[in-house]
Amino acid sequence: MEKLRAAGLFGGGMVALTGSLARRYNECLELLGVGATKLKTFSIDGMGWSPEIALEKKNNFYLNNGPANVNAIIITPRQKDLAVHMPSHSFDKDVMKTIFSVYPTEIRDVTKDAALIAHLDQDIDSLFEPFDLLRYNQIEVKFKVLKDLYKKQQEQQALVALFRDKNNFINREIHKELLQTATTYGDLRKRKLNFEPILHEVGSFYTRAFGGVFILKEFIKPILVFEDEKVFKGAIQDTAHDVLIYHIRHDELMETLVKHLILEKNLKKAAKSTRYKRIKNHRFIQYLEKKEHSLKEILDSHFLSKKYLNQLDIETQKKIAGVEIYFQKFIVDKSLKIEDYVDEQYLKSLHQPHTSLEIEDRELVWKLLTKIMPNDPLHLYWYDKEQFYREYVNWDPDYREWVIECILKNN
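Note that the sequence shown covers residues 226 to 636 in the numbering used here.
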């Protein structure tokens, strides 16, 4: 992981907290009903999530009060535009962007001496079944200012108004109260401390709840795609909801997504893409055993790649180069079936989001495709970092180096 860290691809894009900022963070944790961290220094991402605290608490989602109640902690304006490393939903980063764009001045003001807790409220106390996810149409983001500064501001303003009324300026008790509030909180009168709730519209999305579910709404019919087989088997017993339900490994899923114009199946076009080359390389290295050159040298050299490919047995060569073989033979014989030459891994991997999709939906579909067939290391890093880090540690050191260069070139 050290090479990833050095390249800024692991643990990067975070803000280090120590001293008073760390103490404020602990106060926020206590407000959320989470025990304070014992760490004196730690880092946080755009939502205020800390990998060090998650490790300490052995809970990646320690900020949340269950899957339906997601929280964020804003300690500093420097969290703006930072990555969200452990999102509960695919829309979490967009929600944070909205918060910082609506309240930039207020956030700068509050974080001078306090902090802000944002609660992503779906008006659902708890998720009891996967079909509750279909009710996610609008997120109301509610806010809580540390130390109740907004309430203290209102009290201070009322006290000042009382002081100015009639002869109250000579009232010693009012003097004492004014001095006490000023000493404790400073002059709050002109500060921007009020955060009205923000409404964020939700279309199709992915959630980690129920073992991971994709909710594809705005199409011919809603589609739920489950990662967890046990949850999927429970969901298919339901007859009350008019939705299509699939497990992520079902072959029928790809066909349905193509029919609903969510996926595009243009293998000839896909075979010319740099993505196909990455997928082919990823599969190719799995068959290489004896080699005189490093994997990085082999993958970077057209001649070396050809040399080592031709050293493999014929059946393995066909597995790796099946796409090219099919299109070469198809020129002569149009009756050939692609399934006879190209295996399932390639057929699934070479689908792509339909060109008619909006950017947000396209990104979500790329995430789904990466979950279905995680053969592209670049997309694995972009769309499923947890899985990327798990696989990375098992790769050949040379291949790790090649992947790091690939990511840096495309980031």
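C-beta atoms are modelled at their ideal positions from N, C-alpha and C, and glycine is treated no differently.
Tell me where the beta strand (DSSP E) around residue i begins and ends.
i	result
residue 449	448-451
residue 363	363-370
residue 296	294-299
residue 518	Counting along the chain, residue 518 falls outside any beta strand (DSSP E), and DSSP gives it neither H nor E.
residue 533	No beta strand (DSSP E) contains residue 533, which is instead part of the alpha helix (DSSP H) from 527-535.
residue 671	A query on residue 671 cannot be resolved here, the shown segment of the chain reaching from 226 to 636 and no further.
residue 268	266-269
residue 243	240-243
residue 471	469-472
residue 424	423-426
Less than 8 Å between the beta carbons of residue i and residue j, yes or no?
i	j	result
residue 361	residue 298	no
residue 450	residue 438	yes
residue 296	residue 290	yes
residue 308	residue 270	yes
residue 342	residue 368	yes
residue 579	residue 487	yes
residue 315	residue 457	no
residue 370	residue 418	yes
residue 300	residue 261	no
residue 652	residue 533	Lying before the first or after the last residue shown, residue 652 is absent from the chain, which here runs from 226 to 636.
residue 326	residue 286	no
residue 551	residue 539	no
residue 319	residue 416	no
residue 490	residue 483	yes
residue 631	residue 503	yes
residue 336	residue 423	no
residue 605	residue 576	no
residue 226	residue 274	no
Is any beta-carbon of chain B found at less than 8 Å from that of residue i?
i	result
residue 618	Annotation note: the requested chain B is absent from the structure, which comprises a single protein chain.
Quick one: give me the first and last residue of the alpha helix (DSSP H) that residue i is part of.
i	result
residue 332	329-335
residue 432	Taken as a continuous stretch (DSSP letters only), residue 432 belongs to no alpha helix (DSSP H), being part of the beta strand (DSSP E) at 430-432.
residue 628	622-635
residue 440	Per DSSP, residue 440 belongs to no alpha helix (DSSP H); it is in the beta strand (DSSP E), 438-441.
residue 226	That residue, residue 226, is in no alpha helix (DSSP H); it is neither H nor E in DSSP.
residue 709	Because the chain in this structure spans residues 226 to 636, residue 709 falls outside the shown range and cannot be described.
residue 604	602-608
residue 551	539-555
residue 456	454-460
residue 476	476-484
With a cut-off of 8 Å on the beta carbons, I'd call residue i and residue j a contact; round off their distance for me.
i	j	result
residue 356	residue 463	6 Å
residue 592	residue 608	4 Å
residue 440	residue 359	7 Å
residue 425	residue 470	The Cβ separation is near 26 Å, so there is no contact.
residue 629	residue 234	7 Å
residue 475	residue 445	Actually they are not in contact, since the Cβ atoms of residue 475 and residue 445 sit about 18 Å apart, beyond 8 Å.
residue 479	residue 573	6 Å
residue 229	residue 617	7 Å
residue 280	residue 257	Not confirmed; about 18 Å, so no contact.
Let me check understanding here. Comparing Cα to Cα, which of the options lies closest to residue i?
i	options	result
residue 338	581, 306, 247 and 275	247
residue 329	310, 302, 311 and 346	302
residue 541	561, 512 and 554	512
residue 435	460, 420, 421 and 443	460
residue 276	236, 259, 257 and 244	236
residue 477	569, 549, 585 and 433	569
residue 376	344, 420 and 401	420
residue 353	294, 344, 306 and 304	294
residue 514	537, 587 and 346	537
residue 549	560, 528 and 571	571
residue 442	561, 517 and 589	589
residue 585	244, 259, 317 and 266	317
Three-pair Cβ contact test at 8 Å for the segment 593-601 versus the segment 504-511: yes
Segment contact flag, the segment 228-243 with the segment 255-274, C-beta cutoff 8 Å, min 3 pairs: yes
Sufficient close CB pairs (3 or more, under 8 Å) joining the segment 518-526 to the segment 619-627: yes
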